[in-house]
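What follows is a set of notes on a single structure, which appears directly below.
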Amino acid sequence: MTTARSYVRYHSDVEQFLPDEEELVRQVVEAMGKANQQVADKHRHGLRDAHAKSHGVLVGELRVQPDLPAHLAQGLFAEPATYPVVVRFSSAPGDLRSDQVPVQRGMAIKVIGAPGPRALDDGFTTQDFLLVNHPTLPFGSIAEYAKLQGLLEKQPRQSDQQLQLTGLAARTAAKALSRAGRPLPPAVETLAAANDHILGETFHSMAALRYGDHVAKISASPRSANVKALTGRHIERKAGESALRDLVVDFFARGDAQYEIRAQLCTDVERMPVEDASVLWPEELSPHEIVAVLDLPAQDAYSDARRRYADDVLSFSPWHALEAHRPLGSIMRSRRAAYPASSDFRHRLNGVEPQEPTDIKEIPA
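Those letters in the sequence shown? Residues 836 to 1200, by the numbering used here.
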């Protein structure tokens, strides 16, 4: 089951399919489609079913580190190399909410020119890493997600003020439960996000993926001092409804940023499960180890042309992937159906032809 170094070897048995998984995925995709339609009717424009609102779109480079040990020199990270990337910062809801509403934030990284066999025979040469500023998913499997679907379906009908009050109540409950040493219910954990500067966050894949011969979770954490200084910096109420976009644009108008791309390899499938993404993988069992550096230079982070391209043309999906980084677990498997369904709806409604870039020059300035 494990190597001499105790890293779990990837094989098909690390995944355990649910007996009713196909039906659960169908139900979830159907519910997401209804929420998608509600939001589209509201804005008269098709949006992503999650992470609809972008705050910055950047181009840069991913530099794979030299002399990685064998357990880390896998897949995309097998050899020292530099890849062009496009990065989209976003907020989790499938609607355009005020940045004063505390919700989870995202960093989607699209690596261009990724060599090797594909997880799906899609003809692409990209490797996407979809990361969120929380290490786990409160709903760790597609079965748990289906139970939580009702909560998510209500959000498009709620006002920003209602969501702010709900978030405040959730954070109060989370503090009380944490003091009492009690676990947080998934709904509380989902709604109890803090509202801090997006560039200072550490972002996580939350769910597992194949890591060449092994299994891992991926994260991106601040590396340069200027983004480390933003960690935990609260968003001022006076900053307005587009505070995050304004902060990102202002930051990259003046300087650059570096993040560490890290892999946390699975060493124990019981304590570091693949099928339950709600379980935090213990750091003492396997630390997060640096495999690459993400370098984002100074630039116009939110030009009209770039925003239209990233929001209306581009798609990000964990299944835009090398076979060496195949998504794992029921949540990831559900995304194989959910992401194309959302993308097809958005592009069809907006009359836009989807494109998957093969060259960084295709990204508008």
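Note that beta-carbon positions come from the ideal geometry of N, C-alpha and C, so glycine has one too.
Residue i (DSSP reduced to helix, strand or coil)
i: Gly-941; result: strand
i: Ile-1053; result: strand
i: His-969; result: coil
i: Pro-854; result: coil
i: Asp-1130; result: strand
i: Gly-868; result: helix
i: Arg-1014; result: helix
i: Gln-1099; result: strand
i: Phe-912; result: helix
i: Tyr-1174; result: helix
i: Arg-932; result: coil
Residue environment, residue i, which counts as buried when at least 16 other CB atoms sit within 10 Å
i: His-1069; result: exposed
i: Ser-1177; result: buried
i: Ala-1156; result: buried
i: Gln-935; result: buried
i: Ala-1140; result: exposed
i: Gly-881; result: buried
i: Glu-1036; result: buried
i: Ala-839; result: Confidence is the limiting factor: at Ala-839 the pLDDT is only 46, short of 50, which leaves the residue's position unreliable, though a coordinate-based value still follows. Label assigned to Ala-839: exposed.
i: Glu-979; result: buried
i: Gln-1099; result: buried
i: Arg-1080; result: buried
Whole-angstrom distance between residue j and residue i, CA atom to CA atom
i: Ile-1125; j: Gly-958; result: 29 angstroms
i: Phe-1087; j: Gln-1134; result: 6 angstroms
i: Val-1066; j: Ala-1078; result: In the sequence as presented, Val is not what sits at residue 1066; that position holds Thr. So the alpha carbons of these two residues sit roughly 16 angstroms apart.
i: Glu-1110; j: Gly-1090; result: 40 angstroms
i: Gly-1203; j: Ala-1112; result: Shown here, the chain extends from 836 to 1200; a query on residue 1203 therefore has no answer.
i: Val-1203; j: Phe-1038; result: This structure does not reach residue 1203, given that the chain is present from 836 up to 1200, and the question cannot be answered.
i: Ser-1152; j: Gln-909; result: 21 angstroms
i: Thr-1193; j: Asn-871; result: 29 angstroms
i: Ala-905; j: Arg-1170; result: 30 angstroms
i: Ser-841; j: Asp-848; result: 17 angstroms
Test item: CB-CB of residue i and residue j under 9 angstroms
i: Phe-1180; j: Asp-930; result: no
i: His-969; j: Ser-925; result: no
i: Leu-853; j: Ile-977; result: yes
i: Gln-1093; j: Ser-1054; result: no
i: Pro-919; j: Gly-895; result: yes
i: Ser-1041; j: Leu-972; result: For clarity, residue 1041 is Met in the given sequence; the question names Ser instead. Yes, the pair counts as a contact, with Cβ atoms nearer than the cut-off.
i: Leu-1163; j: Pro-1189; result: no
Opposing strand residues paired with residue i [DSSP bridges]
i: Lys-888; result: Ser-926
i: Arg-883; result: Answer is none; Arg-883 lacks a bridge partner.
i: Arg-861; result: Partner(s): none; Arg-861 has no beta bridge.
i: Ile-947; result: Thr-961
i: Asp-1031; result: His-1069
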